[in-house]
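Numbering (this note's numbering), first residue to last: 34 to 289.
Only one structure is covered here, and it is reproduced in the block below.
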Ligand SMILES: [Zn+2]
């Protein structure tokens with residue numbers, strides 16, 4: 034399996050980053066993309082990926098929550114980092130109007146800059162969208178990037194899925210699918226999700242699969258729980274889902 038989103042820079046992994054990676058490798062995860070969400074974490078994730086470049090890669094970007102850290106100097110630095118060979122995607126970037134930790138105009142400026150950067154350096158875009166679908170699609174359509182796209186942690190319904198598939202996006206599915214309190218539209222959407230477009234992810238330390246009740250912190254070792262439930266809902270064999278999603282992720286990130 035390939036976990037396309039692990040926020041290893043989170044405080045919650047501060048004391049056992051290496052153990053978390055080792056447990057994942059013991060639990061059938063072969064590859065991990067370490068997610069950068071601001072300049073500092075992007076740089077830290079790249080440094081860790083460099084220690085195990087056959088199994089790890091990283092992304093470099095500014096999460097919409099951190100869009101107020103998008104300044105001329107941080108952006109110059111981030112552009113330099115994004116060109117490193119083991120940084121396999123630009124992001125995560127996008128729009129998040131759920132909690133608006135950064136003002137929306139700033140989020141939009143920051144998002145546009147990432148799309149332009151990805152085009153310039155010809156790297157795929159790792160996209161985040163929450164409660165901002167129509168603005169998100171408008172910006173994607175305006176700039177119409179030609180690089181591969183993944184919309185990670187997809188939680189919307191069939192209509193949104195169709196629009197993303199029409200634009201050639203890969204779709205990242207997290208443990209949200211295991212949460213029967215809020216997965217209803219997602220369960221409907223994955224009926225229409227082709228195996229050729231699916232990626233799986235934990236988004237650890239967030240979104241612990243809900244049936245693992247006593248475990249508060251998610252980690253990449255739990256990726257199989259996402260695969261199992263998603264396969265069940267897509268009505269496909271779990272081994273087929275794993276084979277396809279792993280190949281899709283390797284193609285997306287350009288991991289040989
Ligand atoms: Zn995200």
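Don't be surprised by glycine CBs; every beta carbon is placed ideally from N, CA and C.
Its Cα nearest to that of residue 139, the residue 102 stands out among 102, 148 and 175.
Shortest gap from the CB of residue 186 to any heavy atom of ligand 1: under 7 Å. Within the DSSP secondary-structure output, residue 203 pairs in a beta bridge with 183. In this structure, residue 222 and residue 242 do not form a Cβ contact; the two beta carbons are roughly 18 Å apart against a cut-off of 8 Å. Residue side-chain check: residue 147 keeps its Cβ at 7 Å or more from all non-hydrogen atoms of ligand 1.
DSSP places residue 60 in the coil class of the three-state scheme, outside both helix and strand. Secondary structure remark: continuous alpha helix (DSSP H) runs of at least 4 residues inside the region 206-289, in chain order: 217-222, 256-267 and 271-286.
With contact defined as three or more Cβ pairs closer than 8 Å, the region 96-113 and the region 259-272 are not in contact. Between the region 191-204 and the region 225-238, the count of C-beta pairs closer than 8 Å reaches three or more; the two stretches touch.
In the structure shown, the three-state DSSP call for residue 160 is strand. Within the chosen limit of 7 Å, ligand 1 reaches the beta carbon of residue 161 through at least one heavy atom. Straight-line measurement puts the Cα of residue 131 at about 9 Å from the Cα of residue 162.
By the criterion of a C-beta distance shorter than 6 Å, residue 278 is surrounded in its chain by 231, 232 and 233, once the five residues flanking it on both sides are discounted. For residue 193, the shortest C-beta to heavy atom distance toward ligand 1 is 7 Å or greater.
The three-state reading of DSSP puts residue 44 in helix, counting H, G and I together. In the three-state reduction of the DSSP assignment, residue 189 falls in the coil class, being assigned neither a helical nor a strand state. Annotated three-state conformation of residue 70 is coil, per DSSP. Residue 59 and residue 254 have their C-alpha atoms roughly 8 Å apart. Of the candidates 260, 184, 141 and 173, the residue whose Cα lies closest to the Cα of residue 99 is 141.
In this structure, residue 178 sits away from residue 122, with a CB-CB distance that is not shorter than 8 Å.
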